[in-house]
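Peer 1: If you're matching them up, the sequences are chains A and B in order.
Residue 0 is where the first sequence starts when you use numbering that gives the first Met the number 0, and the numbers rise one by one after that.
Residue 0 is where the second sequence starts when you use numbering that gives the first Met the number 0, and the numbers rise one by one after that.
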Amino acid sequence: MDFNLMADITPLLIKAAWVTIDISARAIVIGFMVASTLVFLRSIKFKPLQWFVRGYVSLVRGTPYFVQLLLVFYGGPTIGLKMDPFTCGVMVGAFNIGAYMSEAIRGALESVDSGQNEASRSLGFGRLQTLGYIELPQAAGLMIRSVGVLAIVLVKNSSLVSIISVVELTYQAQRLIGSTYKPLEIFTLSALMYIVIVYAVMGIVELAYRRATRYTTQ
Amino acid sequence: MELDFSPVLTYLPTLISGVGVTFVIAVVVGLFSVVGGLLVAVISIYTNKVVSWPLRFFIWLFMTTPLLLQLYFLYFGLGEWILIPALVVGVLGLGFHYMAYNADIFIATIRSITNGQYEASRSLGFGHLRTLYYIIVPQAFIRSVPQIGNNLILMVKDTSVLSAIGVAELVYASQYAISVSFRPFEFFIVIAVIYYVINLFMEFGQSRLERLTAYRR
Chain A
0 MDFNLMADIT PLLIKAAWVT IDISARAIVI GFMVASTLVF LRSIKFKPLQ WFVRGYVSLV
60 RGTPYFVQLL LVFYGGPTIG LKMDPFTCGV MVGAFNIGAY MSEAIRGALE SVDSGQNEAS
120 RSLGFGRLQT LGYIELPQAA GLMIRSVGVL AIVLVKNSSL VSIISVVELT YQAQRLIGST
180 YKPLEIFTLS ALMYIVIVYA VMGIVELAYR RATRYTTQ
Chain B
0 MELDFSPVLT YLPTLISGVG VTFVIAVVVG LFSVVGGLLV AVISIYTNKV VSWPLRFFIW
60 LFMTTPLLLQ LYFLYFGLGE WILIPALVVG VLGLGFHYMA YNADIFIATI RSITNGQYEA
120 SRSLGFGHLR TLYYIIVPQA FIRSVPQIGN NLILMVKDTS VLSAIGVAEL VYASQYAISV
180 SFRPFEFFIV IAVIYYVINL FMEFGQSRLE RLTAYRR
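Here it is, written out as structure tokens:
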């Protein structure tokens with residue numbers, strides 16, 4: 000182990016790790032909005048719309064994220080979709096994880112017993128009020144856990160963005176391995192940074208879970 | 000922006016050979032990761048801490064870091080000492096990655112088999128290894144079918160990542176055709192459709208397998 004080298008490259012890797020965090024955070028926020036929209040569209044009783052959502056989710060889940068990234072980045076300009084690498088990474092990540100998240104959110108909402116909905120409606124709550132006051136609070140625990148797992152998947156997937164030359168952690172690590180020929184040192188450092196990021200996400204998810212379920216006994 | 004799929008037809012043999020390589024990689028990695036995962040799980044449960052802790056550590060390390068980083072490390076890292084072809088590195092990297100995921104599942108399912116099974120088997124005269132081989136592992140394996148199936152589906156999609164280190168599978172095989180024909184959109188659409196069809200078959204197979212084994216769970 001060459002500790003001098005490790006000390007030298009740490010600032011570079013931290014800067015790159017920040018890009019990984021940036022790209023993942025944006026993709027998770029936008030992805031959650033995409034997922035909520037998909038769940039909403041699917042709840043509308045209009046068959047073509049439901050087919051569209053199901054088709055979209057099936058297509059996104061059935062093809063590799065890597066191919067989606069290449070398709071949008073290199074193929075996008077053909078159909079007038081030009082983006083810089085960073086934006087492309089965020090958007091593809093968001094629309095990819097959005098499809099997975101929509102299933103997770105739908106599953107969590109469906110896990111709430113239908114009697115809750117009926118009781119609430121018969122007590123005079125409107126549909127939105129039922130969703131907001133009765134169903135969401137009960138589904139929140141499961142929803143946060145499954146969305147949290149997907150957030151970790153997204154952080155690890157963000158390494159693939161290096162292929163369209165976004166200078167994030169994996170890209171920087173690969174470049175440093177190429178220029179220093181010290182793979183073990185660089186792998187140790189960059190793996191450590193991924194582990195820190197993943198554990199930070201897990202911690203945030205755990206806090207959110209505790210807060211969401213503080214009034215429900217589980 | 001008119002679409003032109005004729006270059007895709009011209010390079011169809013290239014794509015088909017790419018699918019062939021992807022298929023071979025998927026089969027080899029599938030066998031390697033399932034059998035290896037089972038071995039790692041059994042060894043890490045039934046041995047002392049000196050053996051099991053390093054195994055647990057590697058399972059944890061492979062699960063918390065991205066596949067691409069592991070591939071780069073193996074490819075450029077091993078390249079320092081020995082020269083091995085990208086295909087071998089890719090198969091090993093993907094294999095170890097999913098071996099860790101599978102081992103994690105097998106550990107959970109082996110633990111879920113009640114102790115009574117072990118005790119009953121031992122009292123009927125089976126030795127320790129025979130009990131594991133005939134009684135514990137088969138039951139655990141059947142219980143893990145759904146999750147292992149999920150992992151295999153994810154693994155087949157992740158074979159596309161191997162193109163980053165230059166393994167000549169589907170995505171990499173089409174790179175040349177794309178750079179010659181300047182038709183990235185058409186090629187990647189076709190590639191995506193190929194993966195989607197493979198995925199449909201795998202999901203069908205998985206649901207059949209789950210139904211076949213459901214009565215034993």
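Quick reminder that beta carbons are idealized off the backbone N, C-alpha and C, glycines included.
Keep in mind that this is a model prediction, so the values were computed, not measured.
Do the segment 186-203 of chain B and the segment 54-73 of chain A touch if we need at least three Cβ pairs shorter than 8 angstroms?
Peer 2: Output reads yes: the segment 54-73 of chain A touches the segment 186-203 of chain B.
Peer 1: Which chain B residues sit within Cβ distance under 7 angstroms of residue 11 of chain A?
Peer 2: Along the first sequence, read from residue 1 onward, the residue named residue 11 of chain A stands at position 12. Those within 7 angstroms of residue 11 of chain A in chain B number zero; the least Cβ separation is about 15 angstroms.
Peer 1: Return the Cβ separation of residue 66 of chain A and residue 190 of chain B in integer angstroms, given the expectation that the two are a contact with Cβ distance under 8 angstroms.
Peer 2: Translated into the one-based positions of the first sequence, residue 66 of chain A becomes position 67. Translated into the one-based positions of the second sequence, residue 190 of chain B becomes position 191. Indeed, because the Cβ distance is near 6 angstroms, the residues count as touching under 8 angstroms.
Peer 1: Tell whether a beta-carbon distance below 8 angstroms holds between residue 271 of chain A and residue 100 of chain B.
Peer 2: Absent from the model: residue 271 of chain A. The displayed extent of chain A is 0 to 217, so no value can be given.
Peer 1: What residue range does the alpha helix (DSSP H) around residue 47 of chain B cover?
Peer 2: Position 48 of the second sequence, counted from the start, is the residue given in the question as residue 47 of chain B. Counting along the chain, residue 47 of chain B falls outside any alpha helix (DSSP H), and DSSP gives it neither H nor E.
Peer 1: Provide the residue span of the alpha helix (DSSP H) that contains residue 169 of chain A, from first to last.
Peer 2: Mapped onto the first sequence, residue 169 of chain A falls at position 170. Where residue 169 of chain A is concerned, the enclosing alpha helix (DSSP H) stretches over 168-179.
Peer 1: If you draw a straight line from the C-alpha of residue 150 of chain A to the C-alpha of residue 18 of chain A, how long is it?
Peer 2: Here residue 150 of chain A corresponds to residue number 151 of the first sequence, with the count starting at 1. Here residue 18 of chain A corresponds to residue number 19 of the first sequence, with the count starting at 1. Approximately 16 angstroms, taken between the alpha carbons.
Peer 1: When you compare the CB positions of residue 14 of chain B and residue 139 of chain B, do they come within less than 8 angstroms of one another, or not?
Peer 2: For the purposes of this step, residue 14 of chain B is taken as residue 15 along the second sequence, with counting starting at 1. For the purposes of this step, residue 139 of chain B is taken as residue 140 along the second sequence, with counting starting at 1. For residue 14 of chain B and residue 139 of chain B, no; Cβs fall outside 8 angstroms.
Peer 1: Using a Cβ cut-off of 8 angstroms, pull out every chain A residue sitting near residue 83 of chain B, in sequence order please.
Peer 2: On the second sequence, residue 83 of chain B is found 84 positions in, with the first residue counted as 1. None at all; the shortest Cβ gap to chain A is about 14 angstroms.
Peer 1: Since residue 190 of chain A contacts residue 68 of chain B with CB under 8 angstroms, what's their CB separation in whole angstroms?
Peer 2: In the first sequence, residue 190 of chain A corresponds to position 191, counting from 1. In the second sequence, residue 68 of chain B corresponds to position 69, counting from 1. Rounded, the Cβ-Cβ distance is 7 angstroms, consistent with contact.
Peer 1: Looking only at its own chain, which residues have a Cβ that is under 6 angstroms from the Cβ of residue 182 of chain B, when we skip the five neighbours before and after it?
Peer 2: Sequence index remark: in the second sequence, residue 182 of chain B carries index 183 (1-based). The beta carbon of residue 182 of chain B is closer than 6 angstroms to those of 6 in its chain, skipping five residues each way along the sequence.
Peer 1: Output needed for residue 143 of chain B: all residues of its chain with C-beta closer than 7 angstroms, excluding positions within five of it in sequence on either side, in chain order.
Peer 2: Along the second sequence, one-based indexing puts residue 143 of chain B at 144. Here the set comprises 104, 105 and 108.
Peer 1: Residue 56 of chain A to residue 99 of chain A, Cα distance in whole Å?
Peer 2: Here residue 56 of chain A is taken as the residue at index 57 of the first sequence, counted from 1. Here residue 99 of chain A is taken as the residue at index 100 of the first sequence, counted from 1. Rounded to the nearest angstrom, the two C-alpha atoms are 7 angstroms apart.
Peer 1: What residues from the segment 71-95 of chain B come within 7 angstroms of chain A, judged by C-beta to C-beta, listed N to C?
Peer 2: 71, 72, 75, 76 and 79
Peer 1: Would residue 70 of chain A count as contacting chain B if we go by Cβ distances under 8 angstroms?
Peer 2: By one-based count along the first sequence, residue 70 of chain A stands at place 71. So, interface residue.
Peer 1: Chain A partners of residue 132 of chain B, CB-CB under 8 angstroms?
Peer 2: Looking up residue 132 of chain B in the second sequence gives position 133. Neighbours of residue 132 of chain B on chain A: none; closest Cβ ~34 angstroms, over 8 angstroms.
Peer 1: I want to see whether chain B comes within less than 8 angstroms of residue 63 of chain A, judged by CB atoms only; does it?
Peer 2: Here residue 63 of chain A corresponds to residue number 64 of the first sequence, with the count starting at 1. Yes, its Cβ sits closer than 8 angstroms to a Cβ of chain B.
Peer 1: Are there three or more Cβ pairs, one per stretch, closer than 8 angstroms when the segment 150-168 of chain B is compared with the segment 87-101 of chain B?
Peer 2: yes
Peer 1: Would you identify the three-state DSSP class for residue 44 of chain A, choosing helix, strand or coil?
Peer 2: Here residue 44 of chain A refers to the residue found at position 45 when the first sequence is read from its first residue. In the structure shown, residue 44 of chain A sits in coil (DSSP, three-state: anything other than H, G, I, E or B).
Peer 1: Could you run through the segment 195-212 of chain A and flag, in chain order, every residue whose CB is less than 9 angstroms away from some CB of chain B?
Peer 2: 197 and 198
Peer 1: Quick check on the burial criterion: 16 or more other C-beta atoms within 10 angstroms. Buried or exposed for residue 12 of chain A?
Peer 2: Reading the first sequence from its first residue, position 13 is the one you call residue 12 of chain A. Looking at its Cβ environment, which holds 16 or more other Cβ atoms inside 10 Å, residue 12 of chain A is buried.
Peer 1: Which of the three DSSP states is assigned to residue 4 of chain B in this structure?
Peer 2: Translated into positions along the second sequence, residue 4 of chain B becomes position 5. Coil, per DSSP.
Peer 1: Taking residue 58 of chain A as the query, report the chain B residues whose CB atoms sit under 7 angstroms from its CB, ordered along the chain.
Peer 2: Numbered from 1 along the first sequence, position 59 holds the residue referred to as residue 58 of chain A. Using a Cβ-Cβ cut-off of 7 angstroms, residue 58 of chain A is close to 195 of chain B, given in chain order.
Peer 1: What in chain A is Cβ-close to residue 160 of chain B, meaning under 7 angstroms?
Peer 2: Here residue 160 of chain B refers to the residue found at position 161 when the second sequence is read from its first residue. Those within 7 angstroms of residue 160 of chain B in chain A are 65 and 159.
Peer 1: Between the C-alpha atoms of residue 32 of chain B and residue 84 of chain B, what's the straight-line distance to the nearest angstrom?
Peer 2: Numbered from its first residue, the second sequence carries residue 32 of chain B at position 33. Numbered from its first residue, the second sequence carries residue 84 of chain B at position 85. The straight-line gap from Cα to Cα measures roughly 20 angstroms.
Peer 1: Quick check on this structure: which residue in B:20, B:30, B:65 and B:131 has the alpha carbon closest to the alpha carbon of residue 110 of chain B?
Peer 2: Within the second sequence, residue 110 of chain B is the residue found at index 111, counting from 1. Comparing Cα-Cα distances from residue 110 of chain B to each of B:20, B:30, B:65 and B:131, the minimum goes to B:131.
Peer 1: Residues of chain A with CB under 8 angstroms from residue 199 of chain B, in chain order?
Peer 2: Locating residue 199 of chain B in the second sequence gives position 200, counting from the first residue. Ordered by position in chain A, the residues that pass the 8 angstroms Cβ test against residue 199 of chain B are 61.
Peer 1: To the nearest angstrom, how far is the alpha carbon of residue 132 of chain A from that of residue 139 of chain A?
Peer 2: Here residue 132 of chain A is taken as the residue at index 133 of the first sequence, counted from 1. Here residue 139 of chain A is taken as the residue at index 140 of the first sequence, counted from 1. Taking the straight line from one Cα to the other gives about 11 angstroms.
Peer 1: Do you know how far the Cα of residue 108 of chain A is from the Cα of residue 102 of chain A?
Peer 2: As a first step, residue 102 of chain A is located in the first sequence; it is residue number 103 there, counting from the start. As a first step, residue 108 of chain A is located in the first sequence; it is residue number 109 there, counting from the start. For residue 102 of chain A and residue 108 of chain A, the distance between alpha carbons rounds to 10 angstroms.
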